[in-house]
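**Student:**
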Amino acid sequence: MFPLGLPQRPSAGCTMITSMLSLAMKKPVKKDLAMTGEVTFTGRILPIGWVKEKTIAARRSEIKTIIFPSANRTDYDELASNVKEGLDVHFVDDYSQIFNLAFGEDEDAKKGLVY
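The numbering of the sequence shown is the working numbering, which starts it at 5 and goes up by one.
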């Protein structure tokens, strides 16, 4: 349930693409990774809402690495230091950056993705 007055935007596009690629390539995604962001047809990552809530949820789930859209950097920077403590956060503009973080720099994995 969304509180009244807050924007309600989809933000699972990059997660869905990553899960489908993982299945197609038969390559698992790193276990302690969380991501959020909507993806355009050209691979650009769009901003999301609920940065604070998503960061807290990741911490509670013992996630160590989070991927956010670059457009949300200021939202993240405004969070209290105790919320950000111990997290490795990456800000991305393009899906190729997410691909590299999720699957590593493996050349064989890159062959499965058409840019």
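No residue lacks a Cβ here, since even glycine has one placed at the ideal position from N, Cα and C. From a predicted model like this one, the values you see are computed outputs, not experimental measurements.
Which runs of the beta strand (DSSP E) spanning at least 3 residues fall entirely within the stretch 55 to 103, listed in chain order?
**Tutor:** Inside the stretch 55 to 103, DSSP marks whole beta strand (DSSP E) runs of 3 or more residues at positions 69 to 73 and 92 to 96, from first to last along the chain.
**Student:** Would you report the Cα separation of L83 and G53, rounded to the nearest angstrom?
**Tutor:** Within the sequence shown, the letter at position 79 stands for residue 83. Within the sequence shown, the letter at position 49 stands for residue 53. Roughly 14 angstroms between the two C-alpha positions.
**Student:** Tell me where the beta strand (DSSP E) around A16 begins and ends.
**Tutor:** As a working mapping, residue 16 is identified with position 12 in the sequence shown. Looking at the DSSP string, A16 is not in any beta strand (DSSP E), and its letter there is neither H nor E.
**Student:** From N56 to R63, what does the alpha carbon distance come to, in whole angstroms?
**Tutor:** By 1-based counting over the sequence shown, the position of residue 56 is 52. By 1-based counting over the sequence shown, the position of residue 63 is 59. Sequence check: residue 56 is Lys here, not Asn. C-alpha separation (whole angstroms): 11 angstroms.
**Student:** Quick one: grab the DSSP three-state call for I49.
**Tutor:** In the sequence shown, counting from the first residue as 1, residue 49 sits at position 45. In this structure, I49 counts as strand in the three-state DSSP scheme.
**Student:** Please name the residue, chosen from A106, V87, F45 and G90, that lies closest to I71 on a Cα-to-Cα basis.
**Tutor:** Position 67 of the sequence shown, counted from the start, is the residue given in the question as residue 71. Selected option, being the one with the closest Cα: A106.
**Student:** List the residues that DSSP assigns as beta-bridge partners of E42.
**Tutor:** Indexing the sequence shown from 1 puts residue 42 at position 38. E42 is bridged to L50.
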